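Chemist: Sharing a structure here in structure tokens format.
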Amino acid sequence: MCRICTAHCPVLVTVADGVVTDVKGDRASPLFEGYTCPKGRALPAIHAHPDRLLQSLRRRSDGSHEPIGSDEAVAEIADRLADIVDAHGPDSVALYIGSSNVPHPTVGRLAGALLQALGSTNAYSAATIDQPGMMVADAYHGVWLGGRTPFDTSDVWLFVGTNPIISKQYLEENPAKRLSRAIANGTKVIVIDPRRTETARRAHIHLQPRPGEDAVLVAGLLHVIVREGWVDNQFIADHVRGVAELTAALAPFTPEVVATRADVPENMLLEAARVLGTARRGGAGSGTGAAMSSPGALVPYLLLCLMSVRGFWAREGDRVEKPTVLLPPARTRAQAFPPYPALTGQRMRVRGLERSVAGLPTAALAEEILMPGPGQIRALFNVGGSPATAWPDQRLARRALEDLDLFVTTDVEYSPTARLADYVVATKLALETPGTTQGTEAIKYFHFGYGFALPYAKYTPAIVDPPPGADVIEDWQLYYRIAQRLALQLNLVNLYGVPGGYLEAPTDVVPLDMHREPTTDELLELMSRGSRVPLAEVKRYPHGHIFEELLELQVEPPEPGNVARLDVANPSAMADLEACAHTPMVVSAERPMLLIPRRENRVMNTYGRTVPGMMGTRTYNPAFLHPEDLAELGCLPGDMVEISSEHDSIIGVVESDPDLRRGLVSMSHSFGGNPGENEDPIVDGANTNRLLRNDSTYDRVTGQPAMGAIAVSVGHFIAP
Ligand SMILES: Nc1nc2c(c(=O)[nH]1)N[C@H]1C(S)=C(S)[C@@H](COP(=O)(O)OP(=O)(O)OC[C@H]3O[C@@H](n4cnc5c(=O)[nH]c(N)nc54)[C@H](O)[C@@H]3O)O[C@H]1N2
Ligand SMILES: Nc1nc2c(c(=O)[nH]1)N[C@H]1C(S)=C(S)[C@@H](COP(=O)(O)OP(=O)(O)OC[C@H]3O[C@@H](n4cnc5c(=O)[nH]c(N)nc54)[C@H](O)[C@@H]3O)O[C@H]1N2
Ligand code: SF4
Ligand SMILES: [Mo]
């Protein structure tokens, strides 16, 4: 499997003399129909990368790195860690889990187990700089234990600020084909996106609003739906509370007001509401576009409200959507699980923030590292993430990472993050390690847009060995071996913790043998204990398999006496909605443009930019502008511009994008190098995180700062 992203496309790999020479989609595999994207097809180039990290590195006092054996690195890291824990206590140790934990399903569990064994609670992840509002929205609203109806058989589906064809979020497998097929079968797709994306182009309705007005738009859709009586009264009577309060809160969001504020045609807004309001089965989901410009739970919460007033949830006797395969069986019942607290009570030291159901706010981690006093974080393990480029406020991130007493990362290249680390432990590429589809299945509990459409699973053995002479370990081995050296017992949990604890599935905790190091296969086996389909059964199908019998699973009747209700009038969300009625997105004459995010098909966030050929001939992230905006600025495609926020500026290379709304700069994140490094805008690109701040506009619950709809000015760059 390609495991660069959660799709885990099955591939056929040609190996000659131990070298990966070709990778193509596996047509014998069900579900994907041979699909791969350019990243997967670049796997041979990834393996042949001349700058692949084949040895671990230790930082010298002048900041440069020298090679170090992996055993020696582990020993030194463990000893320094022990000293830090002795001096400052276990909570001075933190870990940050980023998106390259996806190719290595074992690493998150082992790193988490080490943290737990040390006695620290400071686990951070990329989830709180992604779409954490979705988890908070579940807490506010409660969870329908019957699940959703499948995308492919829905009458309508609303996508807000997400572009599945590129990102695979919502449509993991062969997204363009799946989308086209659903549309051909009658699904009406509605897309809200300021750009006419690959997904929007296929939509029944595309609303192209001002960025940052998604909550207003969804409130407008709900306003019309409720006003027209397009609600499911029986479902509401049985399972929902708060409709009257919601209706009152929606009063200001008339179609006229909303159309003007979001700058979309009123008739299209009304048509979208009609399609959503009259469909029998439907779904709605938001993505990073919405989450970055409207941090917080409001957009995903209003979408849950829409699901509930329309009664779109799966009912008793419906087929279970996305049943677990390599995870323990979970009960699927036609009943509500009541709302639960969004905050956990674990306080941070900075800005009064707390751990929410989405985790500790990563956007406050740099401050936690830099703020002196008891509880200061002194050691950080980066688990497959890129703090140096992906965290908002890149300069602050750099200062924090350099302030640590111990900063350890694993990597497959000398990435911007690696360049700042005390130790860089060189690790294996995914094709050099066994893996399963379990991780992709599990993410659905945190973001329902992930997981396979059908009960599909696959196991893959390691396909190739690391190149001769390489001293690389598996990511998880770092954490296991540190624990071993520190004589700590690690315990493995067979299921990710699910926020709110609504999942009726058994978890079990297995102590690892700390004397004899397990193999990755043994770990995968342990992680699949109690799974609905045993891993051994999955292994019988080298091309992957759809376990058809699980398609028979039906949503069960509710437990007798269950009185739980879904809440469509959560007080915090209603207060946010009211505030939103009075705070239109405004631009100033000084910074008249809005910077918005987009994903690039050829890279995975930070990863892939340096692999020769992976991105083709363009290796930077263009600043896309509408052609008329370019003309007004007197710019031609390829010109360099200075893009300035209130906070900082970057040099971008402009490109024309007629699919964009006017007044916007659309740019991918996590390009460029570290601040202070010699960056070439036309080679490395520019990092939009340098323009952001963590502590000016941010969500009080998740700590996520505004990462989209950032007011910027754009001016011709004159080289000094
Ligand atoms: N401005 C702005 N910022 C954003 C976003 C945005 O839209 N705009 N998006 C946010 C989101 S949604 C996310 S998820 C985060 C993503 O950010 P992170 O999850 O923090 O990390 P990535 O950028 O994915 O970087 C992954 C790192 O892993 C390394 N790597 C690649 N393969 C392997 C491997 O097999 N093993 C190991 N050990 N390392 C490997 C790569 O070299 C790279 O350094 O960024 C967030 N930041
Ligand atoms: N190829 C590729 N795939 C990836 C990744 C990658 O880097 N590359 N990253 C992975 C990760 S970590 C994640 S979290 C997912 C994210 O998956 P998605 O959320 O689908 O991410 P994008 O493809 O960037 O789509 C976001 C869309 O939001 C739009 N947008 C921007 N601002 C606004 C706004 O204010 N309102 C609205 N309504 N729309 C807006 C953008 O134009 C863009 O089309 O993708 C994953 N898949
Ligand atoms: S990166 Fe591309 S080929 Fe690899 S799993 Fe994701 S979609 Fe599939
Ligand atoms: Mo993400």
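Its first residue numbered 41, the sequence shown is counted upward by one per residue in our numbering.
Every residue, glycine too, gets a C-beta built ideally from N, C-alpha and C.
Predicted model, so just to flag it, every value in this text is computed and none were measured.
(1) Would Gly399 and Asp515 be called neighbours here (beta carbons separated by less than 9 Å)?
(2) Nearer than 8 Å: is that true of the beta carbon of Met332 relative to any heavy atom of ligand 1?
(3) Taking DSSP as the reference, what is the three-state secondary structure of Pro662?
(4) Between the alpha carbons of Arg438 and Leu460, how many angstroms are there, rounded?
(5) Determine, using beta carbons only, whether Arg391 and Tyr738 come nearer to each other than 9 Å.
(6) Give the C-beta separation of Val51 and Met41 to the nearest angstrom, bearing in mind that I take them to be a contact with Cβ-Cβ under 8 Å.
(7) Got a sec, what are the start and stop residues for the beta strand (DSSP E) Met680 sits in?
(8) Do the region 724-732 and the region 591-607 meet, that is, are 3 or more Cβ pairs less than 8 Å apart?
(9) Compute the minimum distance between the beta carbon of Ser139 and the heavy atoms of ligand 4, and state whether it is under 8 Å.
(10) Please confirm whether any heavy atom of ligand 2 lies closer than 8 Å to the CB of Glu253.
(11) Grab me the residues of Arg395's own chain with a C-beta within less than 7 Å of its C-beta, minus the 5 sequence neighbours each way, in chain order.
(12) Give me every residue whose Cβ sits closer than 5 Å to any heavy atom of ligand 3, in chain order.
(13) Which partner residues does Trp184 have in the DSSP bridge list?
(14) Mind checking Asp451: buried by the 16 CB within 10 Å criterion, or exposed?
(15) Are there any heavy atoms of ligand 4 lying less than 8 Å away from the beta-carbon of Ala166, as far as the coordinates show?
(16) Per DSSP, what are the beta-bridge partners of Phe447 in this structure?
(17) Assign Gly329 to buried or exposed, taking buried as 16 or more other Cβ atoms, counted over all protein chains shown, within 10 Å of its Cβ.
(18) Let me know the alpha helix (DSSP H) ranges lying completely inside the region 102-170, each 4 residues or longer, listed in chain order.
(19) Should Arg100 and Glu116 be called a contact, given that it needs their Cβ atoms to be closer than 9 Å?
(20) Heavy atom of ligand 2 less than 8 Å from the Cβ of Ile636, yes or no?
(21) Taking just the CA atoms, how far does Leu247 sit from Val315?
(22) What does the alpha-carbon distance come out to for the pair Ser568 and Ile137?
(23) Under DSSP, the beta strand (DSSP E) around Arg395 begins and ends at which residues?
(24) Let me know the secondary structure DSSP gives Thr61 once reduced to three states.
(25) Using the C-alpha atoms, what's the distance from Pro130 back to Gln156?
(26) Could you give the residue range of the beta strand (DSSP E) that holds Trp431?
(27) Would you identify the three-state DSSP class for Ile223, choosing helix, strand or coil?
(28) Quick check on Gln529: buried or exposed, where buried means 16 or more other Cβ atoms within 10 Å of its Cβ?
(29) Entirely within the region 676-759 and at least 4 residues each: give me those alpha helix (DSSP H) ranges in chain order.
(30) Going by C-alpha distance, which of Met332, Arg733, Pro172 is nearest Asp233?
(31) Take Tyr542 and list the residues in its own chain whose beta-carbon comes closer than 6 Å to its own, dropping the five residues that flank it on each side.
(32) For a minimum of 4 consecutive residues, which ranges assigned as the alpha helix (DSSP H) are wholly contained in the region 309-355?
(33) Alpha carbon to alpha carbon, how far is Leu471 from Gly674? Give it in angstroms, no decimals.
(34) What three-state label does DSSP hand Asp607 in the structure shown?
(35) To the nearest angstrom, how far is it from the Cα of Thr61 to the Cα of Ala88?
(36) Determine the DSSP secondary structure at Asn531, reduced to helix, strand or coil.
Modeler: On the basis of the supplied data:
(1) no
(2) yes
(3) coil
(4) 8 Å
(5) yes
(6) 7 Å
(7) 680-684
(8) no
(9) yes
(10) yes
(11) Thr384, Gln386
(12) Cys42, Ile44, Cys45, Ala47, Cys49, Thr76, Cys77, Lys79, Gly80
(13) Ala376
(14) buried
(15) yes
(16) Leu420
(17) buried
(18) 110-128, 147-158
(19) no
(20) yes
(21) 14 Å
(22) 21 Å
(23) 394-396
(24) strand
(25) 9 Å
(26) Unbroken run through Trp431: none, as it is neither H nor E.
(27) helix
(28) exposed
(29) none
(30) Met332
(31) Val183, Phe377
(32) 328-333, 338-349
(33) 48 Å
(34) strand
(35) 9 Å
(36) strand
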